[in-house]
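Numbering-wise (the UniProt record's numbering), the sequence shown opens with residue 1 and increments by one.
Yeah, the Cβ is synthetic: ideal placement off N, Cα and C, and Gly gets one too.
From a predicted model like this one, the values you see are computed outputs, not experimental measurements.
Read the structure below first, then the notes.
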Amino acid sequence: MDEQNQRGWKPFFRLVKKSKLPWGLYIIGLVIGFGGAGIGLILPQYTMEIIDGNIFDNKIVTTYILIGVAGVILAAGSALMGAIAGPIAKRNIQKTVWTKLMHMTIPRYHKQPSQQLISRITARGI
C-alpha cells in the first residue's frame, strides 16, 4: 500500500515514535501534578481545623501555609514541564516531517501546490 494512502493510527504512532518526543518531561510533569493533587486533598483537613476554632494553634496554621505553598509550587512545576515539553515536541515533529519532505521525489511535489505544502509544515520557520 502506498504510504500516502495509508489510513488509521499506525502512521501517526510511527511519526510519534520517530520524532523522539520528550517523554521524560511529560512523565515528570505528570508525577509532579499527581503530587500537587495529593497535597490538594490534604489541605481541607487543616482548613476544617482552622474553621473549628484552632486558628491560634501555630502548628496547624504553619502546616496549612506550608501545604498551600507546596501545592502552588508543585502546580507551577507541572505547568513548567508542560510548557517546556510542548515546544520541544513540536520542533521534533517538524524536523521529522521536514526531513521526510526534503527526501521526497520531485514528481510528488508536482501533485500539490507548493504554497499549500510548505505552509502546513512551517509555523514560523524551523
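For the pair of segments examined, the stretch 14 to 22 was found not to touch the stretch 34 to 42: the number of CB pairs separated by less than 8 Å stays below three.
The alpha-carbon separation between I51 and Y26 amounts to approximately 38 Å. Cβ-Cβ distances below 6 Å link N92 to S19 and K20 in the same chain, with the five nearest sequence neighbours on each side left out; the list follows chain order. DSSP places G53 outside both helix and strand once states are collapsed to three, so it counts as coil. A Cβ-Cβ contact shorter than 8 Å links G29 with G82.
Secondary structure of K90 (DSSP, three-state): helix. For the options M104, K100, H110 and P107, the alpha carbon positioned closest to that of R14 is the one of K100. Note on the stretch 6 to 79: there is no whole beta strand (DSSP E) run with a minimum of 3 residues. In this structure, the CA atom of K59 is about 20 Å from the CA atom of V72.
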